[in-house]
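Chains as they are written, first to last, in our numbering: chain A, -14 to 383; chain B, -14 to 383. Beneath this line is the structure, given in structure tokens, with notes to follow.
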């Protein structure tokens, strides 16, 4: 295992009606000027916008707004938010939405502490992975409307640059949300395909951390396995029933726990599938989770061939409810991969890259983008350019 | 499930050598006068005292000491610590030790914010469960030397009063440790019986939270099951090998995760066994974990008889590695209870109350003490006075 430092000072307010805590929290912090960020207005239909505004008014703060944040939030929006913050002395950014709105808000927060010019922020901070070098940023909070990224209790976000065809992480302990309102009923009106995406996203977060070089630090492994099992068991009911509170609650808390550094502590996760997917979605602007669902089983098939031991794959059997009795280890591993594919299929995910519009001539470009200047990615299994290329070719389909 | 609010702002520094972060942390907080608390000097033999002092000196603070804190820390020691704090303007209490030293330090911290007289603190705050009404307390931190109570990342502690024969919890969000140095190598020199006690303690924390009325919030259940499995799998090697770093690391992080509100979120745990055990150990001053190990299987046998459903017991089979194939549900549940007893037996724990010196004539007194003025305890299963008495009689042995 590896040493780790964690501090997660997010005030989690989980459950129906918990938004009632937001106003008092803002008062207690003494914020004055709040930037409310959101996407394309679905929060105005389901009452979450009004409930958030009521809390801000109750706290007596001045409210500014930035709407229209894209599903893969873009650097241009980050810079727009930065300017609003600077012009209006914003001291709190309240993201009302899913992971994209929150990620964009975190990047805006980091940008407020950046001394340089707008046009240098991408190269000097994001593309240089230097988000954590910025000392003073604006506090961030979130009213979550989609269970997926886990951004509500972690330090990271992902920002896209369509010009450079890059989709890169940005991270700083200073942008871990100070408050996260997690009301499962706010996710009732989320379209099925987005709920499915959230399930895949959370599952992938668990899997990426589970597959590490360090296989002896078992509390993290066992918690991650439990969270994956929870996702598999909840998927069906979430796909069938719109307003099942407990199923939405199970997904929401699992998504938060799936990527908050606590459950993955002590391990260097693999993250290869994420690296490759970021390349794919930077090329085609597809939904992150769709890319993950396509790529994950192909990654499994590729790395299982020469895995030092199969025990990590074998332990996944329980996640999918596979009976281990009277079945060889090799058959069990194959069953795990096929059940994983079935799980994604049941969520309406495509099973190859052609189905998401990928072009074979882009593969070399995606390989370069996946590697981000390194000669290899991965921890459970090192992947070099040729390996990434092979996985992409396999995933391309026949 | 129930709504929940969590904020855990403990800076966790986990791993070998992590004490090197302590001095800078203290500097960054600007503390001046630090009270170092510890037990009976084992930390002077294993180097932890010297390492802690070196960090405090590096931070340039004035150091005060309170030693001799008992395994079941007593109200008299709390008040002694309170006076040291008041006389010396202490602004940080650094507990160097296990859960008892830390619990005592938390109670001292709460006592520093109490405006009343020493002699009223027990009745007005501890026995009235009003620790959380005190507004301003001294910050607490810990260098942990025993993996057991989880106190390093939670708001609670337990204090004993030998005069009133009470052992009561005290809790305040303000005493959640600001920093926890968790170096597994610091637990190498812990005697086997104390390591065993730590395993039982952590296991019981998981079990008490796992057995709740709310059986549909599964992320917490599955994480708790994973943590229990981790304890069962690590127990043997910890009993056989003194210096197995990874086994100690597994235990230390599991113990922390077993009672930090995060893994048990959304559920009202049962806690009956803890209530009854606190009564037993207030009568005989026995090790908390010894009482838990004796009582837990008797509690299981008592409540399983009329449990609405056996699924929670069935799911424990995996924790103990029991093969479920070709075995009836009833047999499986019996096997779970017998394996639980075997697990405690393997840790050198006694299996009835006579072996810990209990007297049959004290049972009525222990029933009263268990109920703490209520007519019942428990959440998975309500236990009235007659139930508690039956469990104690069964646990008394033949």
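Backbone N, C-alpha and C define an ideal beta-carbon position, used for all residues, glycine too. As the structure is a prediction and not an experimental result, all values here were calculated from the model.
Kindly list the residues whose CB is nearer than 7 Å to the CB of residue i, restricted to its own chain and excluding five residues on each side of it in sequence; keep chain order.
{"i": "residue 191 of chain A", "result": "209, 212, 213, 243"}
{"i": "residue 97 of chain A", "result": "67, 70, 71, 122, 123"}
{"i": "residue 227 of chain A", "result": "173"}
{"i": "residue 452 of chain A", "result": "Given that chain A is displayed from residue -14 to residue 383, the structure contains no residue 452 of chain A and the question cannot be resolved."}
{"i": "residue 179 of chain B", "result": "131"}
{"i": "residue 86 of chain B", "result": "22, 23, 24, 54, 80"}
{"i": "residue 36 of chain B", "result": "4"}
{"i": "residue 333 of chain B", "result": "178, 181"}
{"i": "residue 140 of chain A", "result": "156, 157, 158, 160, 161"}
{"i": "residue 106 of chain B", "result": "64, 96, 99"}
Say yes only if the C-beta of residue i is nearer than 7 Å to one or more non-hydrogen atoms of the ligand SAH, and no if none qualify.
{"i": "residue 35 of chain A", "result": "Among the components modelled here there is no ligand, and therefore nothing to report on the ligand SAH."}
Assuming contact is defined by CB atoms lying nearer than 8 Å, are residue i and residue j in contact in what I supplied?
{"i": "residue 110 of chain A", "j": "residue 95 of chain A", "result": "yes"}
{"i": "residue 163 of chain A", "j": "residue 126 of chain A", "result": "yes"}
{"i": "residue 19 of chain B", "j": "residue 75 of chain B", "result": "yes"}
{"i": "residue 307 of chain B", "j": "residue 324 of chain B", "result": "yes"}
{"i": "residue -10 of chain B", "j": "residue -2 of chain A", "result": "yes"}
{"i": "residue 23 of chain B", "j": "residue 47 of chain B", "result": "no"}
{"i": "residue 277 of chain B", "j": "residue 189 of chain B", "result": "yes"}
{"i": "residue 196 of chain B", "j": "residue 297 of chain B", "result": "yes"}
{"i": "residue 267 of chain A", "j": "residue 152 of chain A", "result": "yes"}
{"i": "residue 365 of chain B", "j": "residue 328 of chain B", "result": "no"}
{"i": "residue 137 of chain A", "j": "residue 239 of chain A", "result": "no"}
{"i": "residue -8 of chain A", "j": "residue 108 of chain B", "result": "no"}
Using CA atoms only, rank isn't needed, just tell me which of the options is closest to residue i.
{"i": "residue 104 of chain B", "options": "B:207, B:172, B:62", "result": "B:62"}
{"i": "residue 185 of chain A", "options": "A:199, A:133, A:65, A:164", "result": "A:133"}
{"i": "residue 352 of chain B", "options": "B:261, B:169, B:118, B:106", "result": "B:261"}
{"i": "residue 249 of chain B", "options": "B:199, B:372, B:14", "result": "B:199"}
{"i": "residue 363 of chain B", "options": "B:379, B:326, B:314, B:285", "result": "B:285"}
{"i": "residue 287 of chain A", "options": "A:258, A:178, A:271, A:7", "result": "A:258"}
{"i": "residue 389 of chain A", "options": "B:167, B:171, B:277", "result": "There is no way to answer for residue 389 of chain A, as the model of chain A reaches only from -14 to 383."}
{"i": "residue 269 of chain A", "options": "A:149, A:116, A:34", "result": "A:149"}
{"i": "residue 117 of chain A", "options": "A:160, A:146, A:322, A:294", "result": "A:160"}
{"i": "residue 377 of chain B", "options": "B:322, B:332, B:220, B:282", "result": "B:282"}
{"i": "residue 219 of chain B", "options": "A:204, A:26, A:271", "result": "A:204"}
{"i": "residue 13 of chain B", "options": "B:38, B:45, B:239, B:373", "result": "B:45"}
{"i": "residue 217 of chain B", "options": "B:303, B:310, B:272, B:347", "result": "B:303"}
{"i": "residue 326 of chain B", "options": "B:271, B:280, B:272, B:345", "result": "B:280"}
Any Cβ of chain A within less than 8 Å of the Cβ of residue i?
{"i": "residue 422 of chain B", "result": "The structure shown does not extend to residue 422 of chain B, since chain B is modelled only from -14 through 383, so no value can be given for it."}
{"i": "residue 325 of chain B", "result": "no"}
{"i": "residue 310 of chain B", "result": "yes"}
{"i": "residue 204 of chain B", "result": "yes"}
{"i": "residue -3 of chain B", "result": "yes"}
{"i": "residue 384 of chain B", "result": "Given a span of -14 to 383 for chain B in the structure shown, any question on residue 384 of chain B remains unanswerable."}
{"i": "residue 184 of chain B", "result": "no"}
{"i": "residue 67 of chain B", "result": "no"}
{"i": "residue -12 of chain B", "result": "yes"}
{"i": "residue 238 of chain B", "result": "yes"}
{"i": "residue -8 of chain B", "result": "yes"}
Suppose the cutoff is 8 Å on Cβ atoms and the five residues either side in sequence are ignored; what does the same chain contact list for residue i look like?
{"i": "residue 382 of chain A", "result": "336, 337, 338, 339, 340"}
{"i": "residue 367 of chain B", "result": "361"}
{"i": "residue 40 of chain A", "result": "4, 5, 7, 8, 11"}
{"i": "residue 237 of chain A", "result": "-1, 129, 132, 167, 169, 172"}
{"i": "residue 229 of chain A", "result": "222, 223"}
{"i": "residue 49 of chain B", "result": "18, 19, 20, 21, 69, 73, 75"}
Got a sec: is the Cβ-Cβ distance from residue i to anything in chain B below 8 Å?
{"i": "residue 207 of chain A", "result": "yes"}
{"i": "residue 212 of chain A", "result": "yes"}
{"i": "residue 218 of chain A", "result": "yes"}
{"i": "residue 225 of chain A", "result": "no"}
{"i": "residue 77 of chain A", "result": "no"}
{"i": "residue 297 of chain A", "result": "no"}
{"i": "residue 251 of chain A", "result": "yes"}
Counting only the same chain and skipping the five closest in sequence on each side, list residues whose C-beta sits under 6 Å from that of residue i.
{"i": "residue 274 of chain B", "result": "182, 185, 186"}
{"i": "residue 43 of chain B", "result": "8"}
{"i": "residue 255 of chain B", "result": "193, 196, 363, 364, 365"}
Next item on the list: Scan the region 127 to 172 of chain A and note each continuous beta strand (DSSP E) run of 3 residues or more that stays entirely inside, going in chain order.
Entry: 141 to 146, 151 to 156, 164 to 167
Notebook entry, point to check: Residue ranges of each alpha helix (DSSP H) run of no fewer than 4 residues wholly in the region 170 to 222 of chain B, ordered along the chain?
Noted result: 177 to 195
Notebook entry, point to check: Considering only residues of the region 43 to 114 of chain B, which uninterrupted beta strand (DSSP E) runs meet the minimum length of 3 residues and lie entirely inside it, listed in chain order?
Noted result: 47 to 51, 77 to 82
Next item on the list: Please specify which runs of the alpha helix (DSSP H), each continuous and at least 4 residues long, are wholly inside the region 274 to 345 of chain B, giving them in chain order.
Entry: 296 to 299, 314 to 331
Check: Where in the region -5 to 42 of chain A do unbroken runs of the beta strand (DSSP E), each at least 3 residues long, occur, reported from the N-terminal end onward?
Finding: 18 to 22
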